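Residue numbering for the sequence shown is 1 to 131, as defined by my numbering. We treat Cβ as the ideally placed atom computed from N, Cα and C, and that holds for glycine. These numbers come from a predicted model, not from an experiment.
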Amino acid sequence: MKRIYETGEDANSIVINVSVGTVGTAYSAVYLVRSGGQQTKLAESNVSSGSIEKRKIGSARELRNAYLQILTYIDFTSVNEKDRKSAIDNLSVRYIMSGGFSGHQIYNQDTDDTILMPNGKVMVTKPIELK
């Protein structure tokens, strides 16, 4: 489900943090998407935790009227099949933003953000409109 974050129109730095709670191996990336489909990678996690520590992604003025597309891939193949469904059900992804007009906001993954892929893999996508 798309969320909205109001950046404002000043030079404040917008900060994002992605927190992934999983027993699987996760990777996350934050992309800035502008009209016309232009994408720029702004931040990424290391290859195991999936979490992204607080990261400045630009000024309110620069980011206004764009989208953030946050992708998280989780590999549950190291979890035995008996426990895999429970591990997927207990997956938690939080998106924390600050610095803009909306202040400190926490968004959680929604059911429609999660895509189950074959072979024990999951993709979570979170679009955030920047106004």
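Starting from residue i, trace the alpha helix (DSSP H) both ways and give me its first and last residue.
i, result
"L91", "Counting along the chain, L91 falls outside any alpha helix (DSSP H), and DSSP gives it neither H nor E."
"A60", "A60 to L63"
I believe residue i touches residue j by the beta-carbon criterion, under 8 Å. Please report the beta-carbon distance rounded to the nearest angstrom.
i, j, result
"E44", "I52", "7 Å"
"R55", "I16", "6 Å"
"Y27", "L130", "Not quite, the Cβ-Cβ distance comes to about 23 Å (not below 8 Å), so this is no contact."
"T111", "V124", "With a Cβ gap of about 11 Å, T111 and V124 do not count as contacting."
"A60", "E9", "6 Å"
"Y95", "V18", "6 Å"
"F76", "R84", "5 Å"
Applying the criterion that 16 or more other CB atoms from any shown protein chain within 10 Å of the CB defines a buried residue, is residue i buried or exposed?
i, result
"Q38", "exposed"
"V47", "exposed"
"L136", "With the chain covering 1 to 131 only, the question about residue 136 has no answer from this structure."
"T40", "exposed"
Over the uninterrupted beta strand (DSSP E) stretch that includes residue i, give me the two end residues.
i, result
"E129", "K121 to L130"
"Q105", "Q105 to N108"
"M117", "T114 to M117"
"V15", "S13 to G21"
"D10", "No beta strand (DSSP E) contains D10, which DSSP labels as neither H nor E."
"T72", "A66 to D75"
Worksheet item: Taking only runs of the beta strand (DSSP E) that begin and end inside the stretch 25 to 58, which ones reach a length of at least 3 residues, in chain order?
Response: 25 to 33 and 39 to 44
Discussion item. Assess contact between the stretch 29 to 36 and the stretch 68 to 75, defined as three or more Cβ pairs (one per stretch) separated by less than 8 Å. Is contact present?
Written reply: yes
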